[in-house]
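Student: Residue numbers (our numbering): 266 to 373.
Set out below in structure tokens:
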């Protein structure tokens with residue numbers, strides 16, 4: 266009897282979840298067709314404000330101006346350069362300890 270109750274409860278929850286998913290997809294599609302108006306989740310709060318989007322606060326400098334330069338710059342280096350830099354860091358930490366009995370790839 267309990268198995269039947271669990272199956273019915275799961276079926277009801279599954280139908281509610283699928284119904285909610287379909288309703289959200291329909292609302293999302295209708296909001297995408299109306300770009301000038303406020304979205305349904307915001308309740309039309311931005312309808313009285315200008316249509317200009319507000320940038321995220323992390324993209325603004327101290328004066329409130331938009332930052333135009335990249336926030337993270339990554340440069341690619343070769344594997345050999347990376348290995349040399351790591352070896353130099355490791356060797357410098359060994360020299361601070363006073364022990365430099367590390368076996369390198371060239372010794373093997």
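Even glycine gets a Cβ: it sits at the ideal position worked out from N, Cα and C.
Computed from a prediction, not measured in an experiment: that's the story for all the values here.
Alpha carbon to alpha carbon, what distance is there between residue 333 and residue 350?
Tutor: Locating residue 350 in the chain shown gives position 85, where the first residue counts as 1. Locating residue 333 in the chain shown gives position 68, where the first residue counts as 1. Roughly 31 Å between the two C-alpha positions.
Student: Below 6 Å CB to CB, which residues in the same chain sit around residue 277 once its five sequence neighbours on both sides are set aside?
Tutor: Taking the chain shown and counting its residues from 1, the one referred to as residue 277 is at position 12. Closer than 6 Å at Cβ, skipping near neighbours: no residue.
Student: Need the endpoints of the alpha helix (DSSP H) that residue 268 sits in, please.
Tutor: Within the chain shown, the letter at position 3 stands for residue 268. Here the alpha helix (DSSP H) through residue 268 covers 267-298.
Student: Are the beta-carbon atoms belonging to residue 331 and residue 320 less than 8 Å from one another?
Tutor: The residue labelled residue 331 in the question sits at position 66 within the chain shown. The residue labelled residue 320 in the question sits at position 55 within the chain shown. Their beta carbons are under 8 Å apart, which means residue 331 touches residue 320 by this criterion.
Student: Kindly identify the DSSP beta-bridge partner or partners of residue 331.
Tutor: Counting from 1 along the chain shown, the entry for residue 331 is found at position 66. DSSP lists 325 as partners of residue 331.
Student: What is the rounded straight-line gap between the Cα of residue 296 and the Cα of residue 280?
Tutor: The residue given as residue 296 occupies position 31 in the chain shown. The residue given as residue 280 occupies position 15 in the chain shown. Going from the Cα of residue 296 to the Cα of residue 280 covers about 24 Å.
Student: Just how far apart, CA to CA, sit residue 358 and residue 348?
Tutor: What you label residue 358 is simply residue 93 of the chain shown in a count that begins at 1. What you label residue 348 is simply residue 83 of the chain shown in a count that begins at 1. Their Cα atoms are separated by approximately 15 Å.
Student: Distance, Cα to Cα, residue 286 vs residue 324?
Tutor: Counting from one through the chain shown, the residue named residue 286 turns up at place 21. Counting from one through the chain shown, the residue named residue 324 turns up at place 59. Going by the C-alpha atoms only, they are around 33 Å apart.
Student: Quick check on DSSP: helix, strand or coil for residue 336?
Tutor: The sequence position of residue 336 within the chain shown is 71, counting from 1. Three-state result, residue 336: coil.
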